[in-house]
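Novice: Going by the working numbering, the sequence shown opens with residue 4, and the numbers climb by one from there.
The beta-carbon is built from N, C-alpha and C at its ideal position, and this holds for glycine as well.
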Amino acid sequence: MTGRFFCTELLIGKEKVARLKRSFVTIVGLGAVGGYVAEALGRLGVGKIRLVDYDRLETSNLNRNILALESTLGESKVEAMRKRLLDINPACYDETLEVFAAEDSFPSIFSDRPDAVIDAIDSLNPKARLLVYCHENQIPVFSAMGAATRTRIQSIQTGDLFKSRGCPLAREVRKRLRKSGIQSGIFCVYSDEPARQVPNVLPNEEDNYPRGRKRAKLGSLPTIPAIFGLTLAHHAAEYLCGSFDTSVHEVSGLA
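1. Compute the beta-carbon to beta-carbon distance between residue 147 and residue 28, rounded to the nearest angstrom, for a pair I have assumed lies under 8 Å.
2. With a cut-off of 8 Å on the beta carbons, I'd call residue 91 and residue 138 a contact; round off their distance for me.
3. Between residue 169 and the rest of its own chain, which residues show a CB-CB distance below 6 Å, the 5 nearest in sequence each way excluded?
4. From residue 212 to residue 178, what does the alpha carbon distance come to, in whole angstroms?
5. Check whether the region 37-45 touches the region 65-76, taking contact to mean three or more Cβ pairs, one atom from each stretch, closer than 8 Å.
6. Here's a check: name, in chain order, each residue in its chain whose Cβ is nearer than 7 Å to the Cβ of residue 64, leaving out the five neighbours to either side.
7. Beta strand (DSSP E) containing residue 30: first to last residue?
8. Does residue 196 come out as helix, strand or coil in the three-state DSSP assignment?
9. Should the region 110-121 be regarded as contacting the region 77-93, the criterion being three or more beta carbon pairs within less than 8 Å?
10. Mind checking whether residue 192 and residue 161 have CB atoms under 9 Å apart?
11. When the Cα atoms are used, what is the spatial distance from residue 101 to residue 6?
12. Relative to the alpha-carbon of residue 34, which residue among 105, 80 and 97 has its alpha-carbon at the smallest distance?
13. Quick check: residue 163 and residue 189, are their CB atoms within less than 9 Å of each other?
14. Can you tell me where the beta strand (DSSP E) holding residue 147 begins and where it ends?
15. Select from 242, 198, 238 and 233 the residue whose C-alpha is nearest the C-alpha of residue 223.
16. Terminal residues of the continuous beta strand (DSSP E) containing residue 57?
17. Extract the residue ranges of the alpha helix (DSSP H) inside the region 127-194, only unbroken runs of 4 or more that lie entirely within it.
18. Whole alpha helix (DSSP H) runs in the region 42-119 with 4 or more residues, listed along the chain?
19. State the Cα-Cα distance for the pair residue 144 and residue 62, rounded to the nearest angstrom.
20. Using the beta-carbon count (16 or more within 10 Å), is residue 17 buried or exposed?
21. Within 10 angstroms of the Cβ of residue 153, are there 16 or more other Cβ atoms? Answer buried if so, exposed if not.
22. Taking the alpha helix (DSSP H) that residue 259 falls in, what are its first and last residues?
23. Once DSSP output is grouped into helix, strand and coil, what is the label at residue 227?
Here it is, written out as structure tokens:
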């Protein structure tokens, strides 16, 4: 009988699968994007995954969150994902932190120093502070910008955050990172499709809410956030194992 990761080994080789098994990834945010990141990294065989989210699954998540089922409504997202990952790969060591991503929770979020961090936060200030922390501490981070209100898969792009265009969330994140002296070096997935709905937020309103303001619901499809999440997982996994291209043995950088 073939092994759990046999098909992955056929494509990228046993050594790269072994690297993934030795890797430790922290995923911050298990919404529509982060859930697909965790799913893909679990199926790729990443050996240790720390799951961070303070939220619980609700009915409005059913259209887009891979964790949302009638049987999981009301359950914490981290616990639902932990059980799902163990069902995929019992050898995966999963840690759960049911906390809001803020500076007072960073010591727990970043303990034992992960090999890579996935930023799938949808609140502006917590996202910016997480990215600043990762940059200042030289922790590789892969970040998702705005996926809601988009419909065009051909508009999804990857690259350095400071070269991204057309995303209101990315623009606001860049402003905050520049205040911390950061001008480059943040890998992200974003869409250059014009957002169909932009929350009516005054320029400095968000600054009054360190943990993120109460957000209005935005329209979204199941497809676009899933592509964002799978794209982030793909790039993070390539970074961890040294590229999926079997003719390339090392990667020189994130972007």
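Specialist: Walking through what the data contain:
1. Mapped onto the sequence shown, residue 147 falls at position 144. Mapped onto the sequence shown, residue 28 falls at position 25. With 8 Å as the limit, residue 147 and residue 28 do not qualify as a contact, their Cβ atoms being about 14 Å apart.
2. Within the sequence shown, numbered from 1, the residue matching residue 91 stands at position 88. Within the sequence shown, numbered from 1, the residue matching residue 138 stands at position 135. Going by Cβ atoms, the distance from residue 91 to residue 138 rounds to 31 Å, so no, they are not a contact pair.
3. Within the sequence shown, numbered from 1, the residue matching residue 169 stands at position 166. The answer, listed in chain order, is 195.
4. Locating residue 212 in the sequence shown gives position 209, where the first residue counts as 1. Locating residue 178 in the sequence shown gives position 175, where the first residue counts as 1. Annotation note: pLDDT 43 at residue 212 (below 50); position unreliable, coordinate value reported separately. In a straight line, the C-alpha of residue 212 is about 16 Å away from that of residue 178.
5. yes
6. Against the sequence shown, residue 64 aligns to sequence position 61. 71.
7. By 1-based counting over the sequence shown, the position of residue 30 is 27. Taken as a continuous stretch (DSSP letters only), the beta strand (DSSP E) holding residue 30 covers 27-31.
8. Within the sequence shown, residue 196 is the residue found at index 193, counting from 1. Here residue 196 sits in coil by DSSP.
9. no
10. Position 189 of the sequence shown, counted from the start, is the residue given in the question as residue 192. Position 158 of the sequence shown, counted from the start, is the residue given in the question as residue 161. Contact flag set, yes.
11. Translated into positions along the sequence shown, residue 101 becomes position 98. Translated into positions along the sequence shown, residue 6 becomes position 3. Looking at the two C-alpha atoms, the distance is approximately 33 Å.
12. As a first step, residue 34 must be located in the sequence shown, where it is residue number 31. If we check each option's Cα against that of residue 34, 80 comes out closest.
13. As a first step, residue 163 is located in the sequence shown; it is residue number 160 there, counting from the start. As a first step, residue 189 is located in the sequence shown; it is residue number 186 there, counting from the start. Contact flag set, yes.
14. If you number the sequence shown from 1, residue 147 lands on position 144. Per DSSP, residue 147 belongs to the beta strand (DSSP E) from 144-147.
15. Sequence index remark: in the sequence shown, residue 223 carries index 220 (1-based). It is 198 whose Cα lies nearest to the Cα of residue 223.
16. Taking the sequence shown and counting its residues from 1, the one referred to as residue 57 is at position 54. Note, residue 57: premise wrong, no beta strand (DSSP E); not H, not E.
17. 127-139 and 171-182
18. 80-91 and 109-112
19. Working through the sequence shown from its first residue, we reach residue 144 at position 141. Working through the sequence shown from its first residue, we reach residue 62 at position 59. Straight-line Cα distance between these residues: approximately 30 Å.
20. Walking along the sequence shown from the start, residue 17 turns up at place 14. Exposed, by the Cβ-count rule.
21. As a position in the sequence shown, residue 153 is number 150, starting the count at 1. The residue in question, residue 153, is buried, as its Cβ has 16 or more Cβ neighbours within 10 Å.
22. Nothing in the structure corresponds to residue 259, since the chain is present only between 4 and 258.
23. By 1-based counting over the sequence shown, the position of residue 227 is 224. Residue 227 falls in the helix class under three-state DSSP.
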